[in-house]
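Visitor: After the structure tokens below, expect a handful of questions from me.
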Amino acid sequence: MNTVNPAVASAPSERVSLLRVLGPVQIWALGVGIVLVGEFTGWNFSADKGGTLAALVVLWLVGLLYTCVAMIDSEVTSTVAAAGGQYAQAKHIVGPLMAFNVALYLVFAYTMLEVSDAILAGDLITQVATDSGATGITHNPFLVLCIVVLVWLNYRGVLMTLNVNFIITALAFLSIVVLFFSVQPWSQGTILKLGEMLTPSNALPYGWIGIVAGFQFGIWYYLGIEGTTQAAEEVRSPARSLPFGTMAGMMTLLVAAALTWYVCASLLPWQHLGITFFPLYDAAVVTGSGSLKFLLFWGTVLSAVASANGCINDAARAWFSLGRDRYLPTWFSAVHPKYRTPYRSIVFLMPIAVAFVFISDLNQAITFSILSGVLHYTFMSINIVMFRNKWPVGSIRRGYTHPFHPVPAFLLLALCVITIFAIFLGYGSQLVAMVAFYVIVSLWFHFYRYRFVGRAAQFTMPWPRPKGY
Amino acid sequence: MSTWALISYGCWAISGILVLWMLYDWIKTDTKYSEAQLTSSREGEIEAISEKHKL
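Chains A and B are the protein sequences, given in the same order.
So for the first sequence, the working numbering puts the first residue at 20; every next one is plus one.
So for the second sequence, the working numbering puts the first residue at -5; every next one is plus one.
Structure, rendered in structure tokens:
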């Protein structure tokens, strides 16, 4: 089975491509970097929906959802190693219309998450200014600086971008670990008061439906880990590094989520935990330690910056891939000859993000990001079933084969349906508006844009004919 | 002018400089290289050429 795409084989030798320089460490930094901010803010709103125990239950159930996502993604991406990640997967496995939608899910999810991160970092810095007695200081210059510096970093090269992400993500993760050990977790009652904070009467204040309602914010524990696949075309050994970096990232996040819940649930009453924007920082304040307060403040800022950085990287790759396949004008598919980055896509998305940080608030940005993310995960459960049916194990080379198929696919689908229902309960009008948007752009793509797509050239993987075709 | 006001102006200035630098480099790059060369990247090139598909 030795097939080479003729269009690729006849390529000129002076092609300017993305640079293959990344390893598992940078993949870990990309995935965990995007997500870790969710431990510092976001997940705790599930306590408002269903109480502290509901936040723990969704931690495990949504953890199961994302473990399925990580396993499924690792298998498909170790085979479809291309920028665009799930977009390239959808293009080869399902079809162009699904691929177009998936790419838009990706761009929206990451851009709106980037906006949320910038707002969070900007608000924190502004709070420091206000606390120190400054008046008339707005968050606007800090928001813009955050986005522009990160766009510049992404413009200049992927290796430095993700090395920076590794350092700041590791520091943010370390701040959670330091907080955990500083509150003597082995000795309940000394500092931690889980028995007082979590009682049978307040564990599930709204009953079991509170757990379902908590799903939409439980997503924040892990939202974005699937972003590792966007780097597929820049990884030295995709078949090894992508599954390794993604699974290691998922394990890191499960540990971070468990530590975060345990410390916050033991220090903050659920009524406060459910409404604060900074649960870990507030937990540090409750300990009375100035050092922990300082550490968790900077942990929160660094996690927001790392997340925005990874989001810029991923949104640009998805946009770039759309241009390369003519789903959008090919102009977007330019690669910088010196820095080897998709520089036009990176810069093009910058003013859009800046516009959103000015016109939207944190809740709106987060909701649109989560909505796009969940639609994307729903696609993944269908995608893996089609992938295994068309190219069964043994028919093509896989870097990783996930176990217990099709159980993870069906589990993922069931959990996505529950999450969409939970979003409908909390943000029904936004959900309907977003689905209507995707229907309209799908019609535009089908009836207008698809005529410009090179229909044969977009299928680049040298695979055998799918089973049954 | 307070320190925080200076920091705010500094943020705007750094942002402006970086945006201008990116625009300058963008124009310089687009002028120096042909559009065909800049958009010559192809998906799956490595997979197809250097890692021929074998089981």
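Glycine residues also receive a C-beta, built at the ideal position from the N, C-alpha and C atoms.
Relative to the C-alpha of L394 of chain A, which candidate in A:V376, A:V426, A:L450 and A:Y362 has its C-alpha closest?
Guide: Sequence index remark: in the first sequence, residue 394 of chain A carries index 375 (1-based). Checked all of A:V376, A:V426, A:L450 and A:Y362; the closest Cα to L394 of chain A is A:L450.
Visitor: Any chance the region 124 to 132 of chain A sits against the region 385 to 404 of chain A, with 3 or more Cβ pairs inside 8 Å?
Guide: With the cut-off at 8 Å, the region 124 to 132 of chain A and the region 385 to 404 of chain A touch.
Visitor: When DSSP labels each residue in this structure, what does L3 of chain A get in the three-state scheme?
Guide: Limits of chain A in this structure are 20 at one end and 488 at the other, which puts residue 3 of chain A out of reach.
Visitor: Quick one: what's L41 of chain A bridged to in DSSP?
Guide: Within the first sequence, the letter at position 22 stands for residue 41 of chain A. The partner list for L41 of chain A (beta bridge, DSSP) reads A:V254.
Visitor: Quick check: the region 68 to 88 of chain A against the region 297 to 309 of chain A, are there 3 or more CB pairs under 8 Å?
Guide: no
Visitor: Anything in chain A within Cβ reach of S28 of chain B, meaning under 8 Å, just list it in chain order.
Guide: Position 34 of the second sequence, counted from the start, is the residue given in the question as residue 28 of chain B. The contacting residues do not exist; S28 of chain B stays about 10 Å from chain A at best.
Visitor: Using C-beta distances below 7 Å, list every residue in its chain close to T188 of chain A, excluding the 5 sequence neighbours before and after it, in chain order.
Guide: As a position in the first sequence, residue 188 of chain A is number 169, starting the count at 1. Once the five neighbours on either side are set aside, the close Cβ partners of T188 of chain A are A48, V51, G52, L55 and A325.
Visitor: Run down chain A in chain order and give the residues with a C-beta less than 8 Å from the C-beta of T23 of chain B.
Guide: Taking the second sequence and counting its residues from 1, the one referred to as residue 23 of chain B is at position 29. Counting only Cβ-Cβ distances below 8 Å, T23 of chain B has contacts in chain A at H355, P356, K357 and Y362, in chain order.
Visitor: Can you name the residues of chain B whose CB is closer than 9 Å to the CB of I46 of chain A?
Guide: What you label residue 46 of chain A is simply residue 27 of the first sequence in a count that begins at 1. Close partners of I46 of chain A in chain B (Cβ separation under 9 Å) are lacking, with about 17 Å as the shortest Cβ gap.
Visitor: Taking 7 Å as the CB-CB cut-off, is I331 of chain A touching chain B?
Guide: For the purposes of this step, residue 331 of chain A is identified with residue 312 of the first sequence, where counting begins at 1. No, I331 of chain A lies away from the interface with chain B (no Cβ there is under 7 Å from its Cβ).
Visitor: What do you get for W463 of chain A, buried or exposed, if any count of 16 or more other CB atoms within 10 angstroms of its CB means buried?
Guide: Within the first sequence, the letter at position 444 stands for residue 463 of chain A. Exposed, because fewer than 16 other Cβ atoms sit within 10 Å of the Cβ of W463 of chain A.
Visitor: Please classify K26 of chain B as buried or exposed, where buried requires at least 16 other C-beta atoms within 10 Å of its C-beta.
Guide: Numbered from 1 along the second sequence, position 32 holds the residue referred to as residue 26 of chain B. K26 of chain B should be labelled exposed.
Visitor: Within a Cβ cutoff of 6 Å, which residues of the same chain sit near I210 of chain A, ignoring the five residues on either side of it in sequence?
Guide: Walking along the first sequence from the start, residue 210 of chain A turns up at place 191. Hits under 6 Å: V202 and Q203.
Visitor: Would a check of beta-carbon distances place L14 of chain B closer than 7 Å to chain A?
Guide: Start at 1 with the first residue of the second sequence, and residue 14 of chain B comes out as number 20. Answer no: the Cβ-Cβ gap between L14 of chain B and chain A never drops below 7 Å.
Visitor: Is the shortest distance between the beta-carbon of Y174 of chain A and the beta-carbons of chain B less than 7 Å?
Guide: Here residue 174 of chain A refers to the residue found at position 155 when the first sequence is read from its first residue. With 7 Å as the cut-off, Y174 of chain A counts as an interface residue toward chain B.
Visitor: Per DSSP, which residues does V412 of chain A bridge with? Please list them.
Guide: Here residue 412 of chain A is taken as the residue at index 393 of the first sequence, counted from 1. DSSP output for V412 of chain A lists A:I415 as bridge partner(s).
Visitor: Kindly indicate which three-state DSSP category M480 of chain A falls into: helix, strand or coil?
Guide: Position 461 of the first sequence, counted from the start, is the residue given in the question as residue 480 of chain A. In the structure shown, M480 of chain A sits in coil (DSSP, three-state: anything other than H, G, I, E or B).
Visitor: With a threshold of 7 Å between beta carbons, is L52 of chain B in contact with chain A?
Guide: Absent from the model: residue 52 of chain B. The displayed extent of chain B is -5 to 49, so no value can be given.
Visitor: 7 Å is my cut-off, CB to CB: does S285 of chain A come that close to chain B?
Guide: Working through the first sequence from its first residue, we reach residue 285 of chain A at position 266. Taking Cβ atoms only, chain B never reaches closer than 7 Å to S285 of chain A, which makes this a no.
Visitor: Answer with buried or exposed for E215 of chain A, where buried requires no fewer than 16 other C-beta atoms within 10 angstroms of its C-beta.
Guide: Walking along the first sequence from the start, residue 215 of chain A turns up at place 196. An exposed status is given to E215 of chain A, since fewer than 16 other beta-carbon atoms sit within 10 Å of its beta-carbon.
Visitor: Quick one: which chain B residues come within Cβ less than 8 Å of W171 of chain A?
Guide: The count along the first sequence starts at 1 and reaches residue 171 of chain A at position 152. Within chain B, the residues near W171 of chain A are L12, W15 and M16.
Visitor: Could you pull the start and end residues of the alpha helix (DSSP H) that I230 of chain A belongs to?
Guide: Residue numbering aside, residue 230 of chain A sits at position 211 when the first sequence is read from its first letter. Note, I230 of chain A: alpha helix (DSSP H), I228 to G237.
Visitor: If distances are taken between C-alpha atoms only, which option among A:V320, A:V231 and A:Q235 comes closest to Q146 of chain A?
Guide: On the first sequence, residue 146 of chain A is found 127 positions in, with the first residue counted as 1. It is A:V320 whose Cα lies nearest to the Cα of Q146 of chain A.
Visitor: Since S400 of chain A and L431 of chain A should fall inside the 8 Å C-beta cutoff, what is the C-beta to C-beta distance between them, to a whole number of angstroms?
Guide: Here residue 400 of chain A is taken as the residue at index 381 of the first sequence, counted from 1. Here residue 431 of chain A is taken as the residue at index 412 of the first sequence, counted from 1. About 4 Å; that satisfies the 8 Å criterion.
Visitor: DSSP on V354 of chain A, reduced to helix/strand/coil?
Guide: By 1-based counting over the first sequence, the position of residue 354 of chain A is 335. If DSSP states are grouped into helix, strand and coil, V354 of chain A belongs with coil.
Visitor: Can you tell me the Cβ-Cβ gap for C5 of chain B and L164 of chain A, rounded? I've got them flagged as a contact below 8 Å.
Guide: As a working note, residue 5 of chain B is residue 11 in the second sequence. As a working note, residue 164 of chain A is residue 145 in the first sequence. 4 Å between Cβ atoms; contact.
Visitor: For a contact defined as C-beta to C-beta under 9 Å, what are the partners of I195 of chain A on chain B?
Guide: Walking along the first sequence from the start, residue 195 of chain A turns up at place 176. Those do not exist, as I195 of chain A stays about 28 Å from chain B at its closest Cβ, beyond 9 Å.
Visitor: Between A:Q45, A:V404 and A:I331, which lies nearest to F509 of chain A when the distance is taken from Cα to Cα?
Guide: Here chain A comprises residues numbered 20 to 488, so residue 509 of chain A is not present and cannot be evaluated.
Visitor: Out of curiosity, what's the CA-to-CA distance linking V177 of chain A and V81 of chain A?
Guide: Residue mapping note: residue 177 of chain A aligns to position 158 of the first sequence, counting from 1. Residue mapping note: residue 81 of chain A aligns to position 62 of the first sequence, counting from 1. For V177 of chain A and V81 of chain A, the distance between alpha carbons rounds to 30 Å.
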